[in-house]
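2 protein chains.
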Amino acid sequence: MTCIELRPIGVIRSPYKTKEETPIQGVFRPEMTGWVELYPGYGEGLKDIEGFSHIFLIYNFDRVSARAELVRPVLLDDQPHGIFACRFPSRPNSIGLTVVELFGREGSKLKVGGIDVLDNTPLLDIKPYVPRFDSFPKANEGWFKGKNERPKPPGRE
Amino acid sequence: MTCIELRPIGVIRSPYKTKEETPIQGVFRPEMTGWVELYPGYGEGLKDIEGFSHIFLIYNFDRVSARAELVRPVLLDDQPHGIFACRFPSRPNSIGLTVVELFGREGSKLKVGGIDVLDNTPLLDIKPYVPRFDSFPKANEGWFKGKNERPKPPGRE
Chain A
1 MTCIELRPIG VIRSPYKTKE ETPIQGVFRP EMTGWVELYP GYGEGLKDIE GFSHIFLIYN
61 FDRVSARAEL VRPVLLDDQP HGIFACRFPS RPNSIGLTVV ELFGREGSKL KVGGIDVLDN
121 TPLLDIKPYV PRFDSFPKAN EGWFKGKNER PKPPGRE
Chain B
1001 MTCIELRPIG VIRSPYKTKE ETPIQGVFRP EMTGWVELYP GYGEGLKDIE GFSHIFLIYN
1061 FDRVSARAEL VRPVLLDDQP HGIFACRFPS RPNSIGLTVV ELFGREGSKL KVGGIDVLDN
1121 TPLLDIKPYV PRFDSFPKAN EGWFKGKNER PKPPGRE
């Protein structure tokens, strides 16, 4: 099982300094803006991104403290769920995924809305959100059905 | 800039042995099925995944041959686009993202539809697709507008 090495291409700036104040999902705080800042040498890769209203951010959960358990209670439910059936940050590979709204570009920086990551989170990739490929409005939401925003259970990340 | 190490949690089996026959996006071949096989020790993490109709697969583009250029012609367009404004496989970090339909689970294996990756692709993570968080049907599709499936341009990956 080969090990795969990744290097951050930039950093995500958000208003959230602690896990407690970071929303469980960006759609719960669509008005909160953040900035995606690419490191020097990567900005050119943003060419034509202005045409998209939404983008995927793939990032590193760099401040997880809990051990990655395969089945555990999660942020939106006290019932245990499999780690691959939830979006909990402590995972076998610490990769986060979020869709944010793209408000604008200033050189190698992107202003985004609905951000749900900790300030200074390492960015691994940006991909354009293309509704033909990525939007499935009728998908089943599994155990998330009926689970609405709530305060994060203490000590759960 | 810290280096992040990831280890595959499993492998994706698909009908596609070559890049030429692999579809550019899964929605172009929704009828093609594949299997996601978790390595021993990870299967328990699939608990409750059966409730979802769609899942995200995050995987490693392990057979890219082209250098990761920041601006380049892509699979659906001969005009050059920024690497962060396209889904081209040769990227600064070789991470792929796809949404597949979940047909069923057999122990630590998932049968999926609309698969668009090479056979034996290393799997890094699975996340449930939750339409409330992930579906934005009215998102702008930027330069993808009007770009439909076509044969992959020779030598472009």
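Taken in sequence, the protein lines are chains A and B. Following our numbering, the numbering of the first sequence begins with 1 at its first residue and continues without gaps. Following our numbering, the numbering of the second sequence begins with 1001 at its first residue and continues without gaps. For glycine and all other residues, C-beta sits at the position ideal for the given N, C-alpha and C.
Within 10 Å of its beta-carbon, does residue i have 16 or more other beta-carbons around it, so buried, or fewer, so exposed?
i      : result
E149/A : exposed
T2/A   : exposed
R7/A   : exposed
Using the C-alpha atoms, what's the distance from residue j back to residue i?
i       : j       : result
V1004/B : N1093/B : According to the sequence shown, residue 1004/B is Ile rather than Val. Cα to Cα, the separation comes out at about 11 Å.
I1024/B : E1157/B : 10 Å
D1077/B : V1071/B : 12 Å
I1095/B : R1105/B : 24 Å
G1155/B : A85/A   : 37 Å
R1063/B : I1009/B : 18 Å
N120/A  : Y16/A   : 9 Å
E1044/B : A68/A   : 12 Å
F133/A  : T33/A   : 25 Å
V112/A  : D48/A   : 16 Å
P1153/B : E1021/B : 12 Å
K145/A  : D1125/B : 22 Å
K1147/B : S1090/B : 20 Å
Would residue i and residue j be called neighbours here (beta carbons separated by less than 8 Å)?
i       : j       : result
G1107/B : G142/A  : no
I1055/B : L1123/B : no
Y59/A   : V117/A  : yes
G1082/B : L57/A   : no
K1127/B : W1035/B : no
S1135/B : S135/A  : yes
G1114/B : G1026/B : yes
P1073/B : A139/A  : no
L1075/B : F1088/B : yes
P1030/B : P137/A  : no
Could you give the DSSP three-state label for residue i: helix, strand or coil?
i       : result
L1074/B : The amino acid at residue 1074/B is misidentified as Leu; the sequence shows Val. Note: V1074/B maps to coil in three-state DSSP.
P40/A   : coil
P1015/B : coil
G1114/B : coil
Taking the continuous alpha helix (DSSP H) assigned at residue i, which residues delimit it?
i       : result
P1154/B : Looking at the DSSP string, P1154/B is not in any alpha helix (DSSP H), and its letter there is neither H nor E.
P1131/B : P1131 to D1134
What first and last residue would you give for the beta strand (DSSP E) that runs through residue i?
i       : result
R1105/B : I1095 to E1106
G146/A  : Element bounds for G146/A: n/a, residue is neither H nor E.
E5/A    : I4 to L6
N210/A  : Summary: the structure shown does not reach residue 210/A, with chain A confined to residues 1 through 157, and so no result is reported for it.
K127/A  : T121 to P128
G51/A   : Counting along the chain, G51/A falls outside any beta strand (DSSP E), and DSSP gives it neither H nor E.
G82/A   : P80 to G82
Going along chain D in order, which residues have a C-beta closer than 8 Å to the C-beta of residue i?
i       : result
W1143/B : Structure shown: chain D not included; protein chains present are A and B.
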